[in-house]
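K.L.:
My structure is below; once you've seen it, I'll send some questions.
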Amino acid sequence: DVVMTQSELSLAVALGQSASITCRSSRSLVHDSGNTYLSWFQQRPGQSPRRLIYKVSVRDFGVPDRFSGSGSGTDFTLKISRVEAEDVGIYYCMQGTHWPPGFIFGQGTKLEIK
Amino acid sequence: EVQLVESGGGLVQPGGSLRLSCAASGFTFSIHKMHWVRQAPGKGLMWVSRIDLDGSHTSYVGSVQGRFTISRDNANSMLYLQMNSLRVEDTGVYYCTRDTDYWDVDYWGQGTQVTVSS
Chain Y
152 DVVMTQSELS
162 LAVALGQSAS
172 ITCRSSRSLV
182 HDSGNTYLSW
192 FQQRPGQSPR
202 RLIYKVSVRD
212 FGVPDRFSGS
222 GSGTDFTLKI
232 SRVEAEDVGI
242 YYCMQGTHWP
252 PGFIFGQGTK
262 LEIK
Chain Z
6 EVQLVESGGG
16 LVQPGGSLRL
26 SCAASGFTFS
36 IHKMHWVRQA
46 PGKGLMWVSR
56 IDLDGSHTSY
66 VGSVQGRFTI
76 SRDNANSMLY
86 LQMNSLRVED
96 TGVYYCTRDT
106 DYWDVDYWGQ
116 GTQVTVSS
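For the record, the sequence lines run as chains Y and Z.
Counting from 152, one number per residue, gives the positions in the first sequence under our numbering.
Counting from 6, one number per residue, gives the positions in the second sequence under our numbering.
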């Protein structure tokens, strides 16, 4: 089975600084189609998850350009530039390339303000 | 506006049953696969089940296989999760999510709480 690992379980960043959250897959996430189905979700306290990024680096409509995704194969990064108070929450990566076993999420990275 | 509204959660004893519902609106329900995702208390996200467009193909995570059944009613834009033989470890918030047709999900409901406890 595919295992998604987010090495930082928590991250404290000062307002206005940048944050990088990493996600590693136990298998390459390149699909037979040539696409890589790696997404990032934000879950603010008390809210449902919200998708920010899909296919590694494509931002969802309405997501600030402070959020960017990068990576390839097995290693991916979500970068948040100029962190704001509203960015506090837990960030999850998710793979959709390998099916079965279905969508697999990373453990989540909790972003806090320092 | 896409909306997914879950209901049907509650407190149930181990071994009991619950049926979750998800009312979809703001999009053409019948052309999207749908999923259920669970979040145990203080824990991360776990995919539970998927159903294809007409309900003919379904899939489940191993821990619920044989106990949970996903279904849909396209005429009424409804998604369901029948949960039988519930265990304490099934406790959590259950979210209904929409498939994008690109091995991904985009919209999520607000979730419904399921608590399995004696």
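Ideal placement from N, C-alpha and C gives every residue a C-beta, glycine not left out.
For the segment 43-54 of chain Z, list every residue whose C-beta sits within 8 Å of some C-beta in chain Y, in sequence order.
P.N.:
So the list reads 49, 50, 51, 52, given in the order they occur along the chain.
K.L.:
For the segment 153-219 of chain Y, which segments carrying the beta strand (DSSP E) assignment without a break, of at least 3 residues, lie completely within its bounds, in sequence order?
P.N.:
For the segment 153-219 of chain Y, whole beta strand (DSSP E) runs of length 3 or above, ordered along the chain, are 161-164, 170-176, 189-194, 201-205.
K.L.:
As a quick exercise: from Z/80, Z/111, Z/52, Z/105, pick the residue whose alpha carbon is nearest that of residue 73 of chain Z.
P.N.:
Numbered from 1 along the second sequence, position 68 holds the residue referred to as residue 73 of chain Z. Nearest option by C-alpha distance: Z/52.
K.L.:
May I ask you to report which of helix, strand or coil DSSP gives residue 236 of chain Y?
P.N.:
Working through the first sequence from its first residue, we reach residue 236 of chain Y at position 85. DSSP places residue 236 of chain Y in helix when its eight states are reduced to three.
K.L.:
Counting along the chain, where does the beta strand (DSSP E) carrying residue 28 of chain Z start and finish?
P.N.:
On the second sequence, position 23 is the one that residue 28 of chain Z refers to. Its beta strand (DSSP E) spans residues 23-30.
K.L.:
Taking three-plus beta-carbon pairs below 8 Å as touching, is the segment 160-172 of chain Y in contact with the segment 226-242 of chain Y?
P.N.:
Because the criterion of three Cβ pairs below 8 Å is met, the segment 160-172 of chain Y and the segment 226-242 of chain Y touch.
K.L.:
Secondary structure at residue 11 of chain Z, three-state DSSP: helix, strand or coil?
P.N.:
Here residue 11 of chain Z corresponds to residue number 6 of the second sequence, with the count starting at 1. In this structure, residue 11 of chain Z counts as strand in the three-state DSSP scheme.
K.L.:
Output needed for residue 178 of chain Y: all residues of its chain with C-beta closer than 6 Å, excluding positions within five of it in sequence on either side, in chain order.
P.N.:
Your numbering for residue 178 of chain Y matches position 27 in the first sequence. For residue 178 of chain Y, where only same-chain residues beyond five positions count, the Cβ hits under 6 Å are 153.
K.L.:
At a cut of 8 Å, does the segment 20-27 of chain Z reach the segment 74-90 of chain Z through at least three beta carbon pairs?
P.N.:
Cβ pair count under 8 Å is three or more, so yes.
K.L.:
What are the uninterrupted segments assigned as beta strand (DSSP E) that are 3 or more residues long and contained completely in the segment 49-103 of chain Z, given in chain order?
P.N.:
Fully enclosed beta strand (DSSP E) runs of 3 or longer: 50-56, 63-65, 73-78, 83-88.
K.L.:
For the ligand GTP, I want to know if residue 169 of chain Y counts as a neighbour, meaning its beta carbon is within less than 7 Å of at least one of the ligand's heavy atoms.
P.N.:
This structure simply doesn't include the ligand GTP, nor any ligand for that matter.
K.L.:
Taking the alpha-carbon of residue 208 of chain Y as reference, which of Y/239, Y/220, Y/256, Y/240 has the nearest alpha-carbon?
P.N.:
Locating residue 208 of chain Y in the first sequence gives position 57, counting from the first residue. Of the candidates Y/239, Y/220, Y/256, Y/240, the one whose C-alpha sits nearest the C-alpha of residue 208 of chain Y is Y/220.
K.L.:
Residues of the segment 200-217 of chain Y with a CB closer than 8 Å to any CB of chain Z: list them in chain order, please.
P.N.:
Residues 200, 201, 202, 205, 206, 211.
K.L.:
My guess is that residue 160 of chain Y and residue 262 of chain Y are in contact by the Cβ rule of under 8 Å, so how many angstroms apart are they, rounded?
P.N.:
Here residue 160 of chain Y corresponds to residue number 9 of the first sequence, with the count starting at 1. Here residue 262 of chain Y corresponds to residue number 111 of the first sequence, with the count starting at 1. Residue 160 of chain Y to residue 262 of chain Y, Cβ: 11 Å. No contact.
K.L.:
Closest Cβ-Cβ distance between residue 242 of chain Y and chain Z: below 8 Å?
P.N.:
In the first sequence, residue 242 of chain Y corresponds to position 91, counting from 1. So, not an interface residue.
K.L.:
Comparing alpha-carbon positions, which option in Z/120, Z/68, Z/104 lies nearest residue 9 of chain Z?
P.N.:
If you number the second sequence from 1, residue 9 of chain Z lands on position 4. Looking at the Cα atoms, Z/104 is the closest of the given residues.
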